[in-house]
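Here is the structure we will look at.
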Amino acid sequence: MLDVFRSLAQSWVAKIGMLVIGLSFILWGVSGYLFNQGDATEVVAKVDGEKISSSLFQHRLQQAKEQYAHVFGSDTASKVTKTPAFAQQVLDSMIDDLLLAHQASKLHLQVPDSALSAKIVAMPVFAENGKFSRTRYDQLLKENGLTPAQFEAQLRQGMLLEQLQALPQILASASPQEAQQVWQWSQEYRDVSVLTLHNAQFIAQVHPSAAEIDQYYQAHKAEFQQPAQMQVQYLVLGKKDFADELQFEAQIDNFKNLLFSSPNLQAVAKQYHLTPEQSGLLEEGKAGTGVFAEPAAVKLAFSAAVRAGKNSSALRLANGDLLALHLMHYQPAQTRSLQAVETQVRSAVLQQQAAKMRLVEAKQLLATARKEQSIASWQKEYSAELVHYPEISRREAHGLLSPLLQKIFLAAAPASGKVTVGSLEDTSASTLYAVAGVVLPSPDLLNPSVRDEIQKSLAEQRLRLLSRAYLQALRDQGKVKIYQSNLQQAIG
662 MLDVFRSLAQ
672 SWVAKIGMLV
682 IGLSFILWGV
692 SGYLFNQGDA
702 TEVVAKVDGE
712 KISSSLFQHR
722 LQQAKEQYAH
732 VFGSDTASKV
742 TKTPAFAQQV
752 LDSMIDDLLL
762 AHQASKLHLQ
772 VPDSALSAKI
782 VAMPVFAENG
792 KFSRTRYDQL
802 LKENGLTPAQ
812 FEAQLRQGML
822 LEQLQALPQI
832 LASASPQEAQ
842 QVWQWSQEYR
852 DVSVLTLHNA
862 QFIAQVHPSA
872 AEIDQYYQAH
882 KAEFQQPAQM
892 QVQYLVLGKK
902 DFADELQFEA
912 QIDNFKNLLF
922 SSPNLQAVAK
932 QYHLTPEQSG
942 LLEEGKAGTG
952 VFAEPAAVKL
962 AFSAAVRAGK
972 NSSALRLANG
982 DLLALHLMHY
992 QPAQTRSLQA
1002 VETQVRSAVL
1012 QQQAAKMRLV
1022 EAKQLLATAR
1032 KEQSIASWQK
1042 EYSAELVHYP
1052 EISRREAHGL
1062 LSPLLQKIFL
1072 AAAPASGKVT
1082 VGSLEDTSAS
1092 TLYAVAGVVL
1102 PSPDLLNPSV
1112 RDEIQKSLAE
1122 QRLRLLSRAY
1132 LQALRDQGKV
1142 KIYQSNLQQA
1152 IG
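Residue numbering for the sequence shown follows this note's numbering, beginning at 662 and increasing consecutively.
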């Protein structure tokens, strides 16, 4: 986003805005905590004991909204800046700025007056006829609501933060050789063979005993429970039962009171000329039909009040109608017998034992391939399942899923005539892969301008990661407390 600000630098408003915006890592992190915070009795956050008042936060939030609107237009800004996430981002940036300022103080970083003056004098925005103009300097600051003292304090703070950024920027540098390696990495091809073993291939070899089936059942009884069931009587009161919607809305409280005071639904039904209906058999946690297709209606049916034999409260349905319930029959949850679920248990045991056989077989095939530096054993035993991909690339995956492709390209390049093998496991399959060759493009094919762009992008990504990690480390070491209730009040 800072690039967007730079692109608007032809406007002096944008230029002065860039000066006001500090040099912290976060876009909305505006230096300026040296301003008077006014009444700091309402505090939205504390950073190592230093307060961020509601008034300062509101001021900074408004600044951020105006800056966003200036760059992206009022229509876009009106949608984005009203979200809680935007306000939280502004507060986070203020917290980060304070953490950085405290770190600068701990490190005894300083900005000499001479360096500050040189910085100001060198700023083109304050120049007239190629030279610094004190008159223009004072004029621009005044038009933006700043005194020279305030602006210089901000700029000094920004220069301190700039010093803190120096180390991540140095560490984030990337060389032309690294850019070339990244390009070759993105363009390489691999010669790969893939073998997938499924549980189903081993089912026929599995013969669980009665004891094993019983053991599994006893260990997994919770999985074989019959959910609680019930049948209820219910009433639906809606707009259709009145001359108009106003009459319906006027009767809602009376309907609720009558439900509370009546022992069953009969009196309520009589009062509103309704006929109670009976539900089908309802299962706890499972949507039913009709009004019980709504999860909230099923949840109401299994509420403590209904199970105790009382009328339910009135539930507003999605269409605006009111639903009331009364218990007819209730069957608590119970564990089904082994005899009732034996087929289901047997299937689970078959899958479990087949998975164990599959894992043993996969492990043996990998060990043999590593020992022999060949997949001859795979070809001999599983020729029908073995698939050869002579030219797999990151851009041409030939249908291989991303997790497998990632493992294939992270595997070490094999020596000539040898293979690098590995596997990807899930609950139902083992996918074995063997890399037989790696082809890298010649560096001579890399366009110098492409290399420069990769080098620049690599450095920028490293800087973002290092900056984020640096700020997180400061947060972990510091004492940051956010007062959520005060923050919500300040946001409005």
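Every residue, glycine too, gets a C-beta built ideally from N, C-alpha and C.
- Remark: C-beta atoms of Gly1083 and Tyr1094 approach each other more closely than 8 Å.
- Rounded to the nearest whole angstrom, the CA to CA distance from Ala1001 to Tyr878 is 11 Å.
- Bounds of the alpha helix (DSSP H) holding Ser922 are Ile913 to Ser922.
- For the pair Lys931 and Leu919, the Cα-to-Cα distance works out to about 11 Å.
- Residue nearest to Gln939 within the set Ala904, Asn805, Gln887 and Leu896 is Leu896 (criterion: CA-CA distance).
- Distance from the CA atom of Phe916 to the CA atom of Phe903, rounded to whole angstroms, is 13 Å.
- DSSP, read as helix, strand or coil, puts Glu1033 in helix.
- Tyr850 is positioned such that its CB atom lies closer than 8 Å to that of Val1100.
- The Cβ neighbour count for His987, taken over all protein chains shown within 10 Å, is at least 16; the residue is labelled buried.
- Ala1045 and Gln750 have their C-alpha atoms spaced approximately 56 Å apart.
- Following the DSSP letters along the chain, one finds Ile1143 in no alpha helix (DSSP H) but inside the beta strand (DSSP E) bounded by residues Val1141 to Ile1143.
- Taken through DSSP and simplified to helix, strand or coil, His859 comes out as strand.
- Boundaries of the alpha helix (DSSP H) harbouring Met755: Pro745 to Lys767, taken from the DSSP string.
- Taking 8 Å as the cut-off, the beta carbon of Pro1064 is found closer than this to the beta carbon of Leu1085.
- The distance from the Cβ of Ala1009 to that of Phe863 is about 15 Å, inconsistent with a contact at the 8 Å cut-off.
- By the CB criterion at 8 Å, Asp799 and Pro809 fall inside the cutoff.
- Ser973 is classed as buried because its beta carbon has at least 16 other beta carbons within 10 Å across all chains shown.
- Short of 7 Å from the beta carbon of Ala730, and not among the five residues preceding or following it, lie these beta carbons of its own chain, in chain order: Ala738.
- The secondary-structure analysis by DSSP pairs Ile1053 across a beta bridge with Arg851.
- Taking a cut-off of 8 Å on C-beta distances, the segment 1106–1121 touches the segment 832–840, as three or more cross pairs fall below it.
- Per the C-alpha coordinates, the member of Lys1068, Arg1019 and Lys1032 positioned closest to Thr857 is Arg1019.
- DSSP places His987 inside the beta strand (DSSP E), whose first and last residues are Leu983 to Gln992.
- Secondary structure of Glu789 (DSSP, three-state): strand.
- By the CB criterion at 8 Å, Val959 and Ala969 fall outside the cutoff.
- Every unbroken stretch of the alpha helix (DSSP H) spanning 4 or more residues and falling wholly within the segment 709–735 is given here in chain order: 715–733.
- The C-alpha of Ala1030 lies about 21 Å from the C-alpha of Glu1052.
- At the C-beta level, Val893 and Met989 come within 8 Å of one another.
- Secondary structure of Gln894 (DSSP, three-state): strand.
- In the same chain as Phe909, and ignoring 5 residues on each side of it, the C-beta atoms closer than 6 Å to its own belong to Lys900 and Phe903, in chain order.
- Straight across, the Cα-Cα distance linking Ala966 with Ala957 is about 15 Å.
- By the criterion of a C-beta distance shorter than 7 Å, Gln841 is surrounded in its chain by Pro1104, Leu1107 and Arg1112, once the five residues flanking it on both sides are discounted.
- Residue environment analysis places Asp1137 among the exposed positions, since fewer than 16 neighbouring C-beta atoms fall within 10 angstroms of its C-beta.
- Within the segment 1091–1118, no run of alpha helix (DSSP H) at least 4 residues long lies entirely inside it.
- Beta-bridge pairing by DSSP links Thr996 to Gln886.
- Shortest Cα-Cα distance from His859 to any of Gln1013, Ala1037, Lys1068 and Ala1130 involves Gln1013.
- Here the alpha carbon of Ser964 sits roughly 12 Å from the alpha carbon of Ala985.
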